[in-house]
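Position 81, counted from 1, in the sequence shown is what our numbering calls 81; the numbers after and before it change by one each time, with no gaps.
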Amino acid sequence: MKYILPVITAVIAGVIVFVWFQNKQNAQIRNNNLLELKTAQSCVQKRLNEYYEQIVSQLQSFAHSVESDRNFQLRLLAENDRSASEITEIAQRFSAPMGFSVLDVTDSAYVILSSGEFPASAGNSIAEKANQLSGTPSCFDDNIMGVNTLTIQAKKGFKIMDIPFFVLGGMKIDEKFLSSLTPYPKVSVLLKRGGEYSGRADIHSISDVKDNTILINDKEYLAAEIALPYSGDGDKPVLIVVLDRRL
């Protein structure tokens, strides 16, 4: 009996030390993973900020190009011919090189003079949309060719002979856009709107993010959220940065 007690004590002590060591090791692994998640989140936010700056810069350059276009001025102000190709096609010429999905030129009342994605919309009013946009890019639910599409857009005012005009535009938030935000392999960027998610085709079930943890297809992953600026009345869009490494 006198030998059994020391053996039991040693076994219990060994188990306690083993459990303590495992917990410490698991905690260290989680801390390292959380640090990696924070780094990935910062990279995604940095890329987003670059997109915001790009939209503002591109709109400013486009506004200057329209303002300086003599043919545009001649047809619009001298001849008052809003149907002239020099007016209606100017947004279409610049939209693709700018990398924009949406680009419009309007008069002071936000009536379209030129549309990059749908030239036939010239003459239509987009005042409701324009009044929700500002010089700071934000997400906006736009109607692109009859499809309700989430975009990031801004607007920029300019003048020709003291007459105010506006350019409005930006890009779609689609699979390609989300993929471009991914800083490196093994990181996914998802878009959440209400109970809907996009960004990965293999999602069958998904939970909310809680304590930096998300369940995707009943498997746990580390995740973090990035709120997006939004102009509208729908569900606010949120980006979810996921480390594609099971816990």
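All residues carry an ideal CB built from backbone N, CA and C; glycine is no exception.
What does residue 224 pair with, by DSSP beta-bridge criteria?
-> Taking the first residue of the sequence shown as position 1, residue 224 is located at position 224. For residue 224, DSSP records a beta bridge to 241.
Would you mind sorting residue 113 into buried or exposed? The rule is 16 or more other CB atoms within 10 Å of its CB.
-> In the sequence shown, the residue the question calls residue 113 occupies position 113. Here residue 113 is buried: its Cβ has 16 or more other Cβ atoms, across all protein chains shown, within 10 Å.
Could you check what DSSP says for residue 90 in three-state terms: helix, strand or coil?
-> For this step, residue 90 is matched to residue 90 along the sequence shown. Taken through DSSP and simplified to helix, strand or coil, residue 90 comes out as helix.
Pair every Cβ in the segment 71–78 with every Cβ in the segment 37–45, then say whether three or more of these pairs are closer than 8 Å.
-> Of all C-beta pairs linking the segment 71–78 to the segment 37–45, fewer than three are shorter than 8 Å, placing the two stretches out of contact.
Where does residue 161 fall in DSSP's three states?
-> Sequence index remark: in the sequence shown, residue 161 carries index 161 (1-based). Looking at residue 161 - three-state DSSP - the assignment turns out to be coil, as it is neither helix nor strand.
Following the continuous alpha helix (DSSP H) through residue 70, name the residue where it begins and the one where it ends.
-> Counting from one through the sequence shown, the residue named residue 70 turns up at place 70. Boundaries of the alpha helix (DSSP H) around residue 70: 70–73.
Roughly how many angstroms lie between the CA atoms of residue 244 and residue 107, to the nearest whole one?
-> As a working mapping, residue 244 is identified with position 244 in the sequence shown. As a working mapping, residue 107 is identified with position 107 in the sequence shown. Per the coordinates, the alpha-carbon of residue 244 lies some 48 Å from the alpha-carbon of residue 107.
Straight-line Cα distance separating residue 226 from residue 183 = Taking the first residue of the sequence shown as position 1, residue 183 is located at position 183. Taking the first residue of the sequence shown as position 1, residue 226 is located at position 226. When rounded, the distance between both Cα atoms is 14 Å.
In whole angstroms, what separates the C-alpha of residue 64 from that of residue 162?
-> Residue mapping note: residue 64 aligns to position 64 of the sequence shown, counting from 1. Residue mapping note: residue 162 aligns to position 162 of the sequence shown, counting from 1. Rounded to whole angstroms, residue 64 to residue 162 spans 14 Å at the Cα level.
Could you tell me which of 242, 153, 119, 30 sits nearest to residue 145, measuring between CA atoms?
-> Along the sequence shown, one-based indexing puts residue 145 at 145. Selected option, being the one with the closest Cα: 119.
Below 8 Å CB to CB, which residues in the same chain sit around residue 124 once its five sequence neighbours on both sides are set aside?
-> Your numbering for residue 124 matches position 124 in the sequence shown. For residue 124, where only same-chain residues beyond five positions count, the Cβ hits under 8 Å are 111, 112.
For residue 120, the three-state DSSP class (helix, strand or coil) = On the sequence shown, residue 120 is found 120 positions in, with the first residue counted as 1. Three-state DSSP puts residue 120 in a helix.
Shortest alpha-carbon distance to residue 51 belongs to which of 228, 206, 233, 33?
-> Taking the first residue of the sequence shown as position 1, residue 51 is located at position 51. If we check each option's Cα against that of residue 51, 228 comes out closest.
Residue 238 to residue 95 span [Cα, whole Å] = The residue labelled residue 238 in the question sits at position 238 within the sequence shown. The residue labelled residue 95 in the question sits at position 95 within the sequence shown. So the alpha carbons of these two residues sit roughly 27 Å apart.
Reducing DSSP to helix, strand and coil, say where residue 62 ends up.
-> Within the sequence shown, residue 62 is the residue found at index 62, counting from 1. In the structure shown, residue 62 sits in a helix (DSSP, three-state: H, G or I).
Integer-rounded CB distance, given that residue 151 should sit under 8 Å from residue 142 | Along the sequence shown, read from residue 1 onward, the residue named residue 142 stands at position 142. Along the sequence shown, read from residue 1 onward, the residue named residue 151 stands at position 151. Yes, residue 142 and residue 151 are in contact; Cβ-Cβ is about 5 Å, under 8 Å.
9 Å Cβ cutoff met for residue 192 and residue 59 | Mapped onto the sequence shown, residue 192 falls at position 192. Mapped onto the sequence shown, residue 59 falls at position 59. The Cβ atoms of residue 192 and residue 59 lie no closer than 9 Å to each other.
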